[in-house]
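Asker:
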Amino acid sequence: MASAGESGDGADGKGVTTITIISSDNEAFEVLEAAASMSLTIRHLIEDGCADGGIPLPNVTAGILAKVLEYCSKHVAAVAASSEAGSSSNAADAAAAPEKEEDLASFDKAFIDVEQDTLYDLLMAANYLEVKGLLDLACQKVADMIKGKTPDAIRQTFKIKNDFSPEQEEKIREENQWAFE
Amino acid sequence: MEWDGDGGMNSVPDGVVQHVLSMLSNVRDVAACACVCRRWRDCVPYLPALFFPRNAFDAAAAARGAADEAIGRMVAAVARLRELVIYCPFSMARLPAWIAARSATLRVLELRMDAASDKAAPDGGHLDCIGLAANLEELRLWGVSLTAAPAWGRMERLRVLEVVGAQLRDSAVKDAIAACPNLTDLSLLGCDCSGAVNIELELLERCRLDILGGSNCSLLLAAPRLESLEVQGFTWITLRGGHSLRRLSIAKSTGRVHKVDTGNLPDLDHLSLRGVQWNWAAVSSVLQCASEVKHLMMKIEFCGDMDALQPFPEVDLVDFFNSHPKLRKFEIHGAMFAALCQKNSLKNLDPRFLIPCLEEVLITVRSPLNAEQKLNTLESLVKYGVRLRTMVIRISQMKNCHDAADDFFEEICKFKYMNYKKVRIE
């Protein structure tokens with residue numbers, strides 16, 4: 149999510165660092181370093197000192213990068229809030245923790261409710277950028293789309309080619325026939 | 013319909029496809045995926061879990077032995093199987109082969125034994141094969157018979173043991189648990205048990221014991237790391253090592269609780285005491301040990317040692333709240349509320365008396381007797397409970413349908429209106 153402010157990496161007066169990420173189509177996004185570091189790939193680049201002038205990601209387009217950074221920003225904020233609540237002895241804070249978990253869960257649910265093409269792009273981006281939470285979320289969404297379907301229906305949903313030879317097809321069907329009775 | 017396999021799912025790398033398929037465990041889904049294409053079929057050996065639901069095979073297929081065949085084939089196909097859950101009917105005689113095949117990787121095993129099509133040998137010998145899975149961490153068994161301890165050898169890695177609906181003999185329990193010395197979680201639920209249950213586990217953190225039983229059963233539990241304990245059905249309870257205990261629930265749905273010896277419980281947050289009849293010494297012993305408690309639920313109908321059911325003796329309200337100063341949430345059903353409504357507690361009150369932490373109270377009032385004192389008590393709770401936010405009064409189960417009840421009801425409504433922000437009637 150592009151945030152207002154100076155481009156390039158810099159620290160604002162409060163000691164909170166932001167860095168710039170550049171999509172494959174040359175759009176720049178400024179985000180908190182903590183949020184960007186939810187991507188292990190980006191974190192390693194920062195640690196290796198490659199963040200000057202912005203981190204280019206030749207494999208991720210602006211649209212998808214925006215979504216990934218939105219996910220990271222939301223989740224990094226939630227982690228910060230819950231560690232505050234954890235160290236607070238305030239009963240109200242402790243009571244609010246399960247509510248915040250619910251908030252995050254409904255954010256995730258709405259976030260991953262996207263067109264199939266976008267879902268694949270998110271899957272690939274989360275994999276390449278190594279954002280574990282987002283990868284799990286996207287994979288679970290695809291898994292949910294597989295549940296309860298016959299092989300034909302699965303192939304249809306995901307436009308997958310049946311590349312078994314006739315003999316292999318025969319063997320596989322025989323072994324798994326019980327599942328389709 | 014044919015697709016040329018470009019773009020979309022087909023461009024997703026193998027590792028990601030593997031990750032997606034690893035989130036499926038229902039065997040029907042796994043079998044379907046194996047039939048989709050070669051790439052997906054090749055993921056099957058690396059799946060972590062297989063779940064055979066109750067209705068995975070219809071009756072006709074099961075009769076043909078199709079279930080056992082399919083289970084055998086799938087277990088063989090998934091080379092690194094970590095988690096196996098079988099709810100559908102299967103043949104006990106086939107179990108040893110399945111477990112032996114995956115003994116190196118199996119970590120979680122859950123079996124519905126009551127669904128097994130060949131009834132188990134009464135001496136429990138059929139369970140011995142579970143010992144082959146030396147790296148097992150979690151074991152859940154439904155409807156098993158443990159009249160003799162299974163020959164598991166030492167299950168060093170087992171952390172979670174759950175047995176539901178079993179016929180247990182106390183010596184079998186002791187021996188079975190001795191085979192699993194490193195348990196952190198133990199649940200014996202809906203189990204038929206009699207005599208003395210004796211459990212000693214160094215690492216136990218969570219324990220649930222729910223036994224059926226007309227007969228009187230005693231529990232001796234020694235577990236120095238215990239954090240949560242829930243027991244139902246025991247008449248005598250002795251706990252050693254409750255210094256880390258945070259949650260305790262003791263219930264007995266029929267019969268009597270005669271003695272409870274817990275030792276001091278300095279970390280206890282949540283306490284729940286329920287039953288038809290408790291010996292009063294047992295009640296007061298637990299309440300004394302739980303001085304730091306924050307959430308207290310009491311639902312005991314009667315006291316008394318023998319067959320005579322007696323009401324609670326008087327409980328001094330001031331003493332009670334002074335000895336449980338951290339009490340935040342209090343749920344009172346049954347005899348406890350009547351016991352707290354005694355005339356003498358509130359006379360000669362120290363003006364500094366407070367109920368400092370109480371925020372929520374839920375009271376069930378069953379009888380309109382002693383109405384004036386009961387209202388007095390409700391008013392005192394509101395008056396001295398400086399942090400009180402909610403009081404819920406349940407009167408829907410009130411006995412005695414005569415004038416006294418009506419008057420009482422009216423008084424309670426008046427009380428509610430005077431304190432409408434905090435008091436609610438159900």
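Protein sequences appear in the order of chains Z and P. Those letters in the first sequence? Residues 149 to 329, by my numbering. Those letters in the second sequence? Residues 13 to 438, by my numbering. Here a beta-carbon is modelled for each residue, glycine too, at the ideal position from N, C-alpha and C. None of these values were measured; they are calculated from a predicted model.
1. Rounded to whole angstroms, what is the Cα-Cα separation between P:ILE251 and P:ALA235?
2. Look at the alpha carbon of P:LEU114 and the alpha carbon of P:ALA72, and state the distance between them as a whole number of angstroms.
3. Measure from the C-beta of Z:LYS309 to each C-beta in chain P and report whether the shortest distance is under 8 angstroms.
4. Within 10 Å of its beta-carbon, does Z:LYS319 have 16 or more other beta-carbons around it, so buried, or fewer, so exposed?
5. CA-CA distance, P:VAL32 and P:ASP41?
6. Hey, Z:CYS287 and P:MET21: beta-carbon distance below 8 angstroms or not?
7. Would you check if the distance between the CB atom of P:LEU153 and the CB atom of P:LEU118 is smaller than 8 angstroms?
8. What distance in whole Å lies between the Cβ atoms of P:LEU400 and P:LEU390, which are believed to be in contact at a cut-off of 8 angstroms?
9. Which residues does DSSP list as the beta-bridge partners of P:GLY316?
10. By the criterion of Cβ-Cβ separation under 7 angstroms, what are the contact partners of Z:THR266 in chain P?
11. Is there at least one Cβ from chain P nearer than 8 angstroms to Z:LYS280's Cβ?
12. Along the segment 287 to 305 of chain Z, where does the CB come closer than 8 angstroms to a CB of chain P? Name the residues.
13. From Z:SER185, Z:GLU249, Z:TYR276, Z:LYS289, pick the residue whose C-alpha is nearest to that of Z:PHE306; which is it?
14. Could you please tell me which residues of the segment 36 to 62 of chain P, in chain order, have their CB closer than 9 angstroms to any CB of chain Z?
15. Applying the 10 Å Cβ sphere with the 16-neighbour rule, what's the burial state of Z:ASN174?
16. For Z:MET272, decide whether its Cβ has a neighbour in chain P, counting only Cβ atoms nearer than 8 angstroms.
17. Counting only beta-carbon atoms, is Z:LEU283 nearer than 8 angstroms to chain P?
18. With the cut-off set at 8 angstroms, would you say Z:LEU193 and Z:SER171 are in Cβ contact?
19. Does the structure place the segment 158 to 175 of chain P close enough to the segment 142 to 150 of chain P that three or more beta carbon pairs sit under 8 angstroms?
20. State the start and end residues of the unbroken alpha helix (DSSP H) segment that holds P:MET403.
21. Which of the three DSSP states is assigned to P:ASN388 in this structure?
22. Enumerate in chain order the residues of its own chain whose CB-to-CB distance from Z:ASN310 is below 7 angstroms, with the five nearest sequence positions on each side excluded.
23. Given P:PRO25, which residues of its chain have a CB within under 8 angstroms of its CB, disregarding the five upstream and five downstream residues?
24. Under 6 angstroms Cβ to Cβ from P:ASP135, same chain only, skipping five residues before and after it: list those, please.
25. For P:LEU361, count neighbouring Cβ atoms within 10 angstroms of its own Cβ and tell me buried if that reaches 16, exposed if not.
26. Could you name the residues of the same chain whose beta carbon sits closer than 7 angstroms to that of P:TYR396, not counting the 5 residues immediately before and after it, in chain order?
27. Which residues mark the beginning and the end of the alpha helix (DSSP H) in which P:SER297 is found?
28. What residues are listed by DSSP as bridge partners for P:GLU122?
29. If we count the other Cβ atoms within 10 Å of its Cβ and call it buried at 16 or more, is Z:ASP265 buried or exposed?
30. Determine the burial state of P:GLY287: buried for a count of at least 16 other Cβ atoms within 10 Å of its Cβ, exposed for fewer.
31. Can you give me the Cβ contacts of P:PHE69 inside the same chain, cut-off strictly under 8 angstroms, excluding the 5 residues immediately before and after it?
32. Indicate whether at least one CB of chain Z lies closer than 8 angstroms to the CB of P:PRO368.
33. Shorter than 8 angstroms from the beta carbon of Z:ILE260 to some beta carbon of chain P?
34. Keeping to the same chain, check which residues put their C-beta closer than 6 angstroms to that of P:LEU241; ignore five residues upstream and five downstream.
35. I'd like to know if P:ASP135 contacts chain Z, where contact means its C-beta is closer than 8 angstroms to some C-beta of that chain.
36. Any chance the CB of Z:ALA210 is under 7 angstroms from a heavy atom of the ligand NAP?
Answerer: Taking the structure as given:
1. Correcting the residue type first, residue 251 of chain P is Leu in the shown sequence and not Ile. So the alpha carbons of these two residues sit roughly 8 angstroms apart.
2. The residue you asked about is not Leu; residue 114 of chain P is Arg in the sequence shown. One C-alpha to the other measures close to 28 angstroms.
3. yes
4. exposed
5. 12 angstroms
6. no
7. no
8. Contact doesn't hold; Cβ gap of about 11 angstroms is too wide.
9. For P:GLY316, which the question treats as bridged, DSSP gives no partner whatsoever.
10. The premise fails here: Z:THR266 is roughly 11 angstroms from chain P at the closest Cβ pair, so nothing lies under 7 angstroms.
11. no
12. CYS287, GLN288, VAL290, ALA291, ILE294, LYS295, GLY296, LYS297, THR298, PRO299, ILE302, ARG303, GLN304
13. Z:LYS289
14. LEU36, ASN38, VAL39, ARG40, ASP41, VAL42, ALA43, ALA44, CYS45, ALA46, CYS47, VAL48, CYS49, ARG50, ARG51, TRP52, ARG53
15. exposed
16. yes
17. yes
18. no
19. yes
20. Counting along the chain, P:MET403 falls outside any alpha helix (DSSP H), though it belongs to the beta strand (DSSP E) covering 402 to 406.
21. helix
22. ARG303
23. none
24. The pLDDT assigned to P:ASP135 is 49, lower than 50, so where the model puts this residue is not dependable; a value taken from the coordinates is nonetheless given after this. Here the set comprises ALA160.
25. exposed
26. PHE365, LEU366, ILE367
27. 292 to 301
28. P:VAL97, P:ARG152
29. exposed
30. buried
31. ALA78, ALA79, ALA82, CYS100, PRO101
32. no
33. no
34. CYS219, LEU260
35. Bear in mind that a pLDDT of 49 at P:ASP135, under 50, signals an unreliable position, so the model cannot answer this.
36. With respect to small molecules bound, the structure shown includes none, and the ligand NAP cannot be examined in it.
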